[in-house]
Amino acid sequence: MSVIELKNVTYKYSAGTPFEAVAVNNVSLTVEKGEFCGIIGHTGSGKSTLIQHLNGLVKPTLGEVYIDGENIWSKDVDIREVRFKAGLVFQYSEHQLFEETVYKDISYGPKNMGLSEEEIDTRVRAAAESMGISEELLERSPFDLSGGQKRRVALAGIIAMKPEILILDEPAAGLDPIGRESVLSRISEYHKKYGTTILLVSHSMEDIVRFAEKVLVMNKGEVFCHSPTDEVFARQDEIIKIGLDVPQITRVIMKLRQKGIDLGSDIYTVERAKERILEYMAKGRIC
Amino acid sequence: MLKDITIGQFFPGNSLIHRLDSRFKIIMDIAYVVMLFTASNYLGLVAVGLFMILLYIMSGVGLRLVLKSLRPIMPLIAITCILNLFFIRGSGEPLLNIGGVIMIYPEGITTSIFMAVRIMFLIIGMSLLTYTTSPIELTDAIERLLSPLKKLHFPVHELAMMMTIALRFIPTLIEETDKIMSAQKARGANLDTGGLMKKAKALIPVMIPLFVSAFKRANELALAMECRCYRGGEGRTRMKQLHSGLKDYIALAVMALFFAELILLNIYIPYLGIPYMVP
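Those protein sequences? They're chains X and W, same order as listed. The opening residue of the first sequence carries number 2 in our numbering; numbering runs sequentially from there. The opening residue of the second sequence carries number 326 in our numbering; numbering runs sequentially from there.
If you want it as structure tokens, here you go:
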């Protein structure tokens, strides 16, 4: 069952003025329930605008958005309900923290949903746990935490609303390697545990390859392709042509192939590269 | 929504008005305001209006922008009109008399129209200065114009620097506010509906992160300025010098002539159009 469906969505900035610019151009798209979809594209390719359509922060100039089979802009739909269903975590989400304690900040979303005190408490603690925020941190001020911790608190604030769809815009941007790893692996674990549909915007091909099942490539406001990860990176040459990168390991393998060592064209992770190289060496064909 | 604010915005261009020395522009802008309040009859007002339209045509700033700059002050104009309409007492019979409480005289109507036009001309004329002068030029000019006050130990340079920084950060802060509002809306914040108290309370999640980031920015900026050995105005030279030339003096002369003409209008036709108003 498709949980997100976009039909011919077009969005123009400052429509009707001389500054008009098309950010999203005639995008049609379906995302299946439980899918982990990576979104890549250049700066200005319309990724950020596209994901803001999914929870109704941006209203399409043309076209329709369906969440759970419901047109979110029809009159009898409360747009706030849509926002609880499709949780959006912005880039540098730690800038949204405002409460005195971490606990209160995480509970802001659930409180807006109008849940009971006990339900809020369970949700806050569960969300904090899944993002690796310890009990003692809950009573601290969010402004005293480290960058990585703040980011995880902001993520927990969205997860506590238990959205069916979790949309993350560069959740690991600007963090050190340990922070990155801890944020991304927790998102992946959360996905495995609850089967939530996840859309992950990232500039790092390595991260996309590691976690995403499908990849949506945006180029100049249009969908370049939306297919399983393997198929997307099999089109390496085209991807490079539209100015995007392929994983570093894929580049190494490509260089090797040019030198006459063919290990196959479906290698995107270091793990698989290691296997293939060992196989290759076992056959005794190494120079 | 927030991006639509045009007051104080600069629209680059290369017209004569854009190229005038900003110090002269400020002086002429002040003269314009004085002129507007000197005009005590409709003819004078029409003359000022024509002068203003001429300047706008010369500057190449579009009509759409002019109307946009008026939108935010519409409530002010409305209040002024209403107050004048009801509280001005004329000498003749009232046009409308409801129980001796609400009385409208013809004088009230003429005065309120006069005041409305005056405020509109004021805003439109003042906007021309910011539309055609970059904020940097503007603060430079203010610093130069106020420099005699330095003798009185008034911190002119510091004031100008504060203005420059404030103007520079307005767009940045607007962008940031937009972002934070979106982020809180994504968490179900209800910023648009409810009464005044509820709305004010709903803004807390927006205001606090905004203040935090503004303070952080201020701190970083101060540090960056100190790293580049900023130590105030003493002995500081500028990259862009303000130059006044023949065109500036001609503009000033035109302005002076126009002012003289307006005063003559006041003296010779004191009662045209608005006979009840004391000049």
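Heads up, the beta-carbon is just placed ideally off N, CA and C, and yes, glycines get one too.
Tell me, which residues are paired with residue i by DSSP?
i      : result
W:S384 : For W:S384, which the question treats as bridged, DSSP gives no partner whatsoever.
X:N220 : X:E223
X:E214 : Bridge partners of X:E214: none, in fact.
X:D170 : X:V202
X:D23  : The question names Asp, but residue 23 of chain X is Val in the sequence shown. Per DSSP, X:K13.
X:G42  : X:M219
W:L421 : W:I429
X:V28  : X:V10
Which class does residue i belong to by DSSP, given the choice of helix, strand or coil?
i      : result
W:F536 : helix
X:P229 : strand
X:K260 : coil
W:S437 : helix
X:R273 : helix
W:I467 : helix
X:I243 : coil
X:K13  : strand
X:S3   : strand
X:E136 : helix
X:K48  : helix
W:M428 : strand
W:G558 : coil
X:E71  : strand
X:E33  : strand
X:G64  : strand
X:S146 : At residue 146 of chain X the sequence reads Leu, which differs from the Ser that was named. Coil at X:L146, not helix or strand.
X:V253 : helix
W:P600 : Its pLDDT being 46, under 50, W:P600 is placed unreliably in this model, and the value from its coordinates should be taken loosely. Of the three classes helix, strand and coil, the one that applies to W:P600 here is coil, per DSSP.
W:I402 : helix
W:P530 : helix
X:T123 : helix
W:H568 : coil
X:L55  : coil
W:F335 : coil
X:L116 : coil
W:M580 : helix
X:M282 : helix
X:I179 : helix
W:A585 : helix
Check whether the Cβ atoms of residue i and residue j sit closer than 9 Å, and answer yes or no.
i      : j      : result
W:L663 : W:E462 : No answer is possible for residue 663 of chain W: it lies beyond the span of chain W, which begins at 326 and ends at 604.
X:V154 : X:V103 : yes
X:Q97  : X:A174 : no
W:L492 : W:R348 : no
W:K510 : X:R84  : yes
X:H54  : X:K48  : no
W:V373 : W:A364 : yes
W:I505 : W:P534 : yes
W:I342 : W:S384 : yes
W:I398 : W:I448 : yes
W:V386 : W:T435 : no
X:P143 : X:G88  : no
X:V4   : X:G64  : no
W:A527 : W:A514 : yes
X:P111 : X:E101 : no
X:L200 : X:I40  : yes
W:E432 : W:I404 : no
W:L345 : W:K565 : no
W:L395 : W:M445 : yes
Check whether the Cβ of residue i sits closer than 8 Å to any heavy atom of the ligand MG, and report yes or no.
i     : result
X:T50 : By its list of ligands, the structure shown contains no ligand whatsoever, and the ligand MG lies outside what it can speak to.
Give the residues from the segment 490 to 522 of chain W that approach chain X closer than 9 Å (Cβ to any Cβ), ordered along the chain. So the close ones are E501, K504, I505, S507, A508, Q509, K510, A511, R512, G513, A514, N515.
What residues from the segment 109 to 135 of chain X come within 7 Å of chain W, judged by C-beta to C-beta, listed N to C? Correct list: Y109, G110, N113, M114.
Inside the segment 78 to 109 of chain X only - beta strand (DSSP E) runs reaching at least 3 residues: If we require 3 residues or more, the beta strand (DSSP E) runs fully inside the segment 78 to 109 of chain X come out as 87 to 90.
Going along the chain, which unbroken runs of the alpha helix (DSSP H) with 4 or more residues stay wholly within the segment 448 to 527 of chain W? Entirely contained in the segment 448 to 527 of chain W, the alpha helix (DSSP H) runs reaching 4 residues are, in chain order, 460 to 471, 481 to 511, 521 to 527.
Taking a Cβ distance cut-off of 8 Å, strictly less, list which residues of the segment 156 to 169 of chain X are near chain W, in chain order. Taking 8 Å as the Cβ-Cβ cut-off against chain W, the residues of the segment 156 to 169 of chain X that qualify are G158, I159, M162.
Going along the chain, which unbroken runs of the alpha helix (DSSP H) with 4 or more residues stay wholly within the segment 339 to 372 of chain W? 341 to 344, 347 to 363, all fully within the segment 339 to 372 of chain W.
Taking a Cβ distance cut-off of 7 Å, strictly less, list which residues of the segment 365 to 395 of chain W are near chain X, in chain order. Shown here is that no member of the segment 365 to 395 of chain W has a Cβ falling below 7 Å from a Cβ of chain X.
Taking Cβ-Cβ distances below 9 Å as the criterion, which residues of the segment 537 to 569 of chain W are in contact with chain X? Within the segment 537 to 569 of chain W, contact with chain X at the beta-carbon level (separation under 9 Å) is assigned to V537, S538.
According to a CB-to-CB cut-off of less than 8 Å, which residues of the segment 37 to 56 of chain X neighbour chain W? Going along the segment 37 to 56 of chain X in chain order, one finds Q53, N56 with a Cβ nearer than 8 Å to chain W.
The segment 61 to 86 of chain X: which residues have C-beta closer than 8 Å to a C-beta of chain W, in chain order? Taking 8 Å as the cut-off between beta carbons, the residues of the segment 61 to 86 of chain X near chain W are R81, R84, F85, in sequence order.
Listed from N- to C-terminal order along the chain, which residues in the segment 208 to 223 of chain X have their beta-carbon within a distance smaller than 9 Å of any beta-carbon of chain W? For the segment 208 to 223 of chain X, the set of residues with a beta-carbon nearer than 9 Å to any beta-carbon of chain W is empty.
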